[in-house]
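Enquirer: Right, I'll just put the structure down here and ask away after.
There are 2 protein chains.
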Amino acid sequence: MKEDPAGMKHLHQRIRDDIEARIMSGEWAPGHRIPFEHELMAEYGCSRMTVNKVLSTLAANGLITRRRRAGTVVAEPSSQQAVLQIQDFALEAARAGVEYRFKILSRSVEPIDVAAAQRTGLPAGTQMLCLSTLHVMDNVPQAFEQRLINLATVPEAGTEPFKDDPPGTWLLRRVPWTDAEHIVRAVNADGTMAKRLQIQSGAACLVLERRTWQAGAFVTEARITYPGDRHQLVGRFSPVA
Amino acid sequence: MKEDPAGMKHLHQRIRDDIEARIMSGEWAPGHRIPFEHELMAEYGCSRMTVNKVLSTLAANGLITRRRRAGTVVAEPSSQQAVLQIQDFALEAARAGVEYRFKILSRSVEPIDVAAAQRTGLPAGTQMLCLSTLHVMDNVPQAFEQRLINLATVPEAGTEPFKDDPPGTWLLRRVPWTDAEHIVRAVNADGTMAKRLQIQSGAACLVLERRTWQAGAFVTEARITYPGDRHQLVGRFSPVA
DNA sequence: GTTCCGATAATGTCTATACATAATCGCGAA
DNA sequence: TTCGCGATTATGTATAGACATTATCGGAAC
Numbered sequence: 001m002k003e004d005p006a007g008m009k010h011l012h013q014r015i016r017d018d019i020e021a022r023i024m025s026g027e028w029a030p031g032h033r034i035p036f037e038h039e040l041m042a043e044y045g046c047s048r049m050t051v052n053k054v055l056s057t058l059a060a061n062g063l064i065t066r067r068r069r070a071g072t073v074v075a076e077p078s079s080q081q082a083v084l085q086i087q088d089f090a091l092e093a094a095r096a097g098v099e100y101r102f103k104i105l106s107r108s109v110e111p112i113d114v115a116a117a118q119r120t121g122l123p124a125g126t127q128m129l130c131l132s133t134l135h136v137m138d139n140v141p142q143a144f145e146q147r148l149i150n151l152a153t154v155p156e157a158g159t160e161p162f163k164d165d166p167p168g169t170w171l172l173r174r175v176p177w178t179d180a181e182h183i184v185r186a187v188n189a190d191g192t193m194a195k196r197l198q199i200q201s202g203a204a205c206l207v208l209e210r211r212t213w214q215a216g217a218f219v220t221e222a223r224i225t226y227p228g229d230r231h232q233l234v235g236r237f238s239p240v241a
Numbered sequence: 242m243k244e245d246p247a248g249m250k251h252l253h254q255r256i257r258d259d260i261e262a263r264i265m266s267g268e269w270a271p272g273h274r275i276p277f278e279h280e281l282m283a284e285y286g287c288s289r290m291t292v293n294k295v296l297s298t299l300a301a302n303g304l305i306t307r308r309r310r311a312g313t314v315v316a317e318p319s320s321q322q323a324v325l326q327i328q329d330f331a332l333e334a335a336r337a338g339v340e341y342r343f344k345i346l347s348r349s350v351e352p353i354d355v356a357a358a359q360r361t362g363l364p365a366g367t368q369m370l371c372l373s374t375l376h377v378m379d380n381v382p383q384a385f386e387q388r389l390i391n392l393a394t395v396p397e398a399g400t401e402p403f404k405d406d407p408p409g410t411w412l413l414r415r416v417p418w419t420d421a422e423h424i425v426r427a428v429n430a431d432g433t434m435a436k437r438l439q440i441q442s443g444a445a446c447l448v449l450e451r452r453t454w455q456a457g458a459f460v461t462e463a464r465i466t467y468p469g470d471r472h473q474l475v476g477r478f479s480p481v482a
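So the protein sequences, as listed, match chains U and H.
Numbering of the first sequence is given in this note's numbering, commencing with residue 1 and proceeding in unit increments.
Numbering of the second sequence is given in this note's numbering, commencing with residue 242 and proceeding in unit increments.
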């Protein structure tokens, strides 16, 4: 009954592929009711658990919607989203075989101002470590980073010299991630920023703001400014894992 | 043995929450070996299938890495990524209670040029529907969209008047999604673009490029230019669904 | 010491069954 | 006709057992 040897995938995968194919080809349009578990069970000659696990997975991935008693239907296409990779300079530089270094331009511990308190949801006056970092590859400035680190959540940051790794990389390795909020904007470089990044005043820059929380506790906010003529954010995405 | 009634979650969820909590609190750092299935089974007094399903789910979500015989370990934090919502103007406008309209500035059917052929992986000379659309809210231009639609994949687009819905919305409803590629950049508006978007020449603009495929077949490419002072891309993201 | 190979131990897949839960349908009463 | 309630049905969760697959470990042969 089972002949795995000859190019035969597992049943789970076969059922999953079949359903995905029918959805993505448009044969089963959004809203279309897909066969009941007992029907698929009969069609593939397997137990309900197998079918159920496939459908649960597809539901978790947002491809289908399941409701007790009512059955299973193809989900409406979700609102469009873009998944973009955020570059790790040290990693990219090593891969490309170029020299990377970073320079901490300023460092201080200050209570946050009202605007930052609003953004982060922290009480005004919370002590934050404030860092300004310049990222340089092959002697060309690649990005300017302004970062706030919540010393209440990450107290060891206060005494960390950030000698080997820039703050972002250090944090990523140290603090587990839970939630993040991102904002991407385009701005014209002002005089100060232009000087720092060695670009013309007024040149378009990509600004990435990233705020992260760990289990509800605010961790850090980073505002990274990239020269528009040297950087872009890129991402590939397919809804079905 | 089972007392669901009093605020008791399902075992599956409890195990999952426990493991997620330990990972996200840092108690189990990346690389840490997670208890074997038979250990968790004993700890929670349940069958292996239950534990297995939890761990499979977490593995699918990228939180842990599983290897036969070797066991299960906490995954290294993946390279950072940002998930950004792409605005649907009609929807946003309706929600905010403002007037939205779009205007198709140009429309033609042309064979693609060499550069576009390279980007899309199509043979040079493939016939594409080329559209330029301006999105307007409350009489203020919000975005300029240049779009190519592959007539081989979506032939019905050739005769579609795009009267009620702009091309992006029309396509989203019609063509099932499979893969997408995104690029976000910042550029200075040139004279033509500035005029179209009613901004100053040289003002920073956010450019979103989006290419989509359906089961390997190229569907469409859109390049949307937003005035930098009026728009930003926003996204929230948590790694554990 | 090195190489190869079989035993072992972990995950991967699947079955057959059971009971829980939730939403719908249809019937009977107001 | 309408309302409400019980029966029905599809999914949700869980179990115990079986066999497949695949690294790894450790010992035997070289």
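Built from N, CA and C at the ideal position, the CB exists for glycine as well.
Quick one: which chain H residues come within Cβ less than 9 Å of Ala215/U?
Expert: Within the first sequence, the letter at position 215 stands for residue 215/U. Simply Ala262, Met265, Ser266.
Enquirer: Suppose you measure from the CA of Arg348/H to the CA of Glu110/U; what does that come to, to the nearest Å?
Expert: As a working note, residue 348/H is residue 107 in the second sequence. As a working note, residue 110/U is residue 110 in the first sequence. Distance between the alpha carbons of Arg348/H and Glu110/U is about 56 Å.
Enquirer: Count the other C-beta atoms from every protein chain shown that fall within 10 angstroms of the C-beta of Glu209/U, then say buried if there are 16 or more, exposed otherwise.
Expert: Looking up residue 209/U in the first sequence gives position 209. It is buried - the Cβ of Glu209/U has at least 16 other Cβ atoms within 10 Å.
Enquirer: By how many angstroms is the C-alpha of Arg255/H removed from the C-alpha of Tyr285/H?
Expert: For this step, residue 285/H is matched to residue 44 along the second sequence. For this step, residue 255/H is matched to residue 14 along the second sequence. The alpha-carbon atoms of Tyr285/H and Arg255/H are separated by roughly 9 Å.
Enquirer: Distance cutoff 8 Å, beta carbons only. Does Trp411/H sit that close to anything in chain U?
Expert: Along the second sequence, read from residue 1 onward, the residue named residue 411/H stands at position 170. Chain U, which has no Cβ nearer than 8 Å to the Cβ of Trp411/H, makes this no.
Enquirer: Does His182/U get closer than 8 Å to chain H when you measure Cβ to Cβ?
Expert: Looking up residue 182/U in the first sequence gives position 182. Chain H contact via Cβ: present.
Enquirer: Roughly how many whole angstroms lie between the Cα atoms of Ala445/H and Gln473/H?
Expert: If you number the second sequence from 1, residue 445/H lands on position 204. If you number the second sequence from 1, residue 473/H lands on position 232. Approximately 12 Å between the Cα atoms of the pair.
Enquirer: Which residue's Cα is closest to the Cα of Trp170/U: Ala180/U, Ala90/U, Arg119/U?
Expert: Against the first sequence, residue 170/U aligns to sequence position 170. Closest by alpha carbon: Ala90/U.
Enquirer: If you draw a straight line from the C-alpha of Ile275/H to the C-alpha of Gly312/H, how long is it?
Expert: Residue numbering aside, residue 275/H sits at position 34 when the second sequence is read from its first letter. Residue numbering aside, residue 312/H sits at position 71 when the second sequence is read from its first letter. Cα to Cα, the separation comes out at about 8 Å.
Enquirer: So, using beta-carbon positions, are Glu37/U and Arg48/U closer together than 8 Å?
Expert: Position 37 of the first sequence, counting from 1, holds the residue named residue 37/U. Position 48 of the first sequence, counting from 1, holds the residue named residue 48/U. Yes, these two residues count as a Cβ contact at 8 Å.
Enquirer: Determine, for Phe102/U, whether the minimum Cβ-Cβ distance to residues of chain H falls below 8 Å.
Expert: For the purposes of this step, residue 102/U is taken as the residue at position 102 of the first sequence. By this cut-off, Phe102/U is not an interface position.
Enquirer: In the DSSP assignment, find the unbroken beta strand (DSSP E) run with Ser201/U in it and report its ends.
Expert: Working through the first sequence from its first residue, we reach residue 201/U at position 201. Unbroken run through Ser201/U: none, as it is neither H nor E.
Enquirer: Taking the alpha carbon of Leu11/U as the reference point, which residue from Ala21/U, Met24/U, Thr50/U has its own alpha carbon closest?
Expert: Locating residue 11/U in the first sequence gives position 11, where the first residue counts as 1. If we check each option's Cα against that of Leu11/U, Thr50/U comes out closest.
Enquirer: Only counting the same chain, and skipping five residues up and downstream in sequence, which positions put a Cβ closer than 7 Å to that of Val98/U?
Expert: Here residue 98/U is taken as the residue at index 98 of the first sequence, counted from 1. Only Met137, Asp138 meet the Cβ criterion.
Enquirer: First and last residue of the beta strand (DSSP E) that includes Asn150/U?
Expert: Translated into positions along the first sequence, residue 150/U becomes position 150. Residues 140 to 150.
Enquirer: Relative to chain U, which residues along the region 435 to 449 of chain H have a C-beta separation below 9 Å, given in chain order?
Expert: If the cut-off is 9 Å between Cβ atoms, the region 435 to 449 of chain H has Gly443, Ala444, Ala445, Cys446, Leu447, Val448, Leu449 near chain U.
Enquirer: Would you say Gln80/U reaches chain H, if we count a Cβ-Cβ gap shorter than 8 Å as a contact?
Expert: Position 80 of the first sequence holds residue 80/U. Yes, Gln80/U counts as interfacial toward chain H.
Enquirer: Mind listing, in chain order, the continuous alpha helix (DSSP H) runs of no fewer than 4 residues lying wholly within the region 2 to 42 of chain U?
Expert: As far as the region 2 to 42 of chain U is concerned, its whole alpha helix (DSSP H) runs of at least 4 residues are 11 to 24.
Enquirer: Between Ile86/U and Gln326/H, is the Cβ-Cβ spacing less than 8 Å?
Expert: Taking the first residue of the first sequence as position 1, residue 86/U is located at position 86. Taking the first residue of the second sequence as position 1, residue 326/H is located at position 85. In this structure, Gln326/H does not lie closer than 8 Å to Ile86/U by Cβ.
Enquirer: At least one CB of chain H closer than 8 Å to the CB of Gly228/U: is that the case?
Expert: Translated into positions along the first sequence, residue 228/U becomes position 228. Closer than 8 Å: yes.
Enquirer: Write down every uninterrupted run of the alpha helix (DSSP H) in the region 105 to 136 of chain U whose length is 4 residues or greater and which is fully enclosed by it, in chain order.
Expert: DSSP runs (the alpha helix (DSSP H)) wholly in the region 105 to 136 of chain U: 114 to 120.
Enquirer: Taking C-beta to C-beta, are Ser25/U and Pro417/H nearer than 8 Å?
Expert: For the purposes of this step, residue 25/U is taken as the residue at position 25 of the first sequence. For the purposes of this step, residue 417/H is taken as the residue at position 176 of the second sequence. Taking 8 Å as the Cβ cut-off, Ser25/U and Pro417/H qualify as a contacting pair.
Enquirer: What are the boundary residues of the alpha helix (DSSP H) that includes Arg336/H?
Expert: What you label residue 336/H is simply residue 95 of the second sequence in a count that begins at 1. Segment 330 to 337, the alpha helix (DSSP H) holding Arg336/H.
Enquirer: Pop quiz: Gly62/U and Ala75/U are said to be a contact at Cβ under 8 Å. What is the actual Cβ separation, rounded to whole angstroms?
Expert: Stepping through the first sequence from its first residue, residue 62/U is reached at position 62. Stepping through the first sequence from its first residue, residue 75/U is reached at position 75. With 8 Å as the limit, Gly62/U and Ala75/U qualify as a contact, their Cβ atoms being about 6 Å apart.
Enquirer: Trp213/U: which of Thr178/U, Gln200/U, Val184/U, Cys46/U sits nearest, CA to CA?
Expert: As a position in the first sequence, residue 213/U is number 213, starting the count at 1. Here the closest residue by C-alpha is Thr178/U.
Enquirer: What residues are listed by DSSP as bridge partners for Leu182/U?
Expert: Position 182 of the first sequence, counted from the start, is the residue given in the question as residue 182/U. First, the amino acid is wrong: residue 182/U is His here, not Leu. Note: His182/U sits in a beta bridge opposite Arg210/U, Gly476/H.
Enquirer: Going by alpha carbons, who is nearest to Thr65/U out of Ile104/U, Gly31/U, Lys53/U?
Expert: As a working note, residue 65/U is residue 65 in the first sequence. Comparing Cα-Cα distances from Thr65/U to each of Ile104/U, Gly31/U, Lys53/U, the minimum goes to Gly31/U.
Enquirer: Using 8 Å as the threshold, is the C-beta distance between Ile149/U and Leu129/U below it?
Expert: Indexing the first sequence from 1 puts residue 149/U at position 149. Indexing the first sequence from 1 puts residue 129/U at position 129. A contact, by the Cβ cut-off of 8 Å.
Enquirer: Whether or not the region 180 to 197 of chain U and the region 150 to 162 of chain U are in contact is what I'm after, with contact meaning three or more pairs of Cβ atoms, one per stretch, closer than 8 Å; do they touch?
Expert: Result no; under three Cβ-Cβ pairs closer than 8 Å.
Enquirer: Taking C-alpha atoms, which residue in Pro155/U, Asp18/U, Asp17/U, Val83/U lies nearest to Thr220/U?
Expert: Looking up residue 220/U in the first sequence gives position 220. That would be Pro155/U, whose Cα lies nearest to the Cα of Thr220/U.
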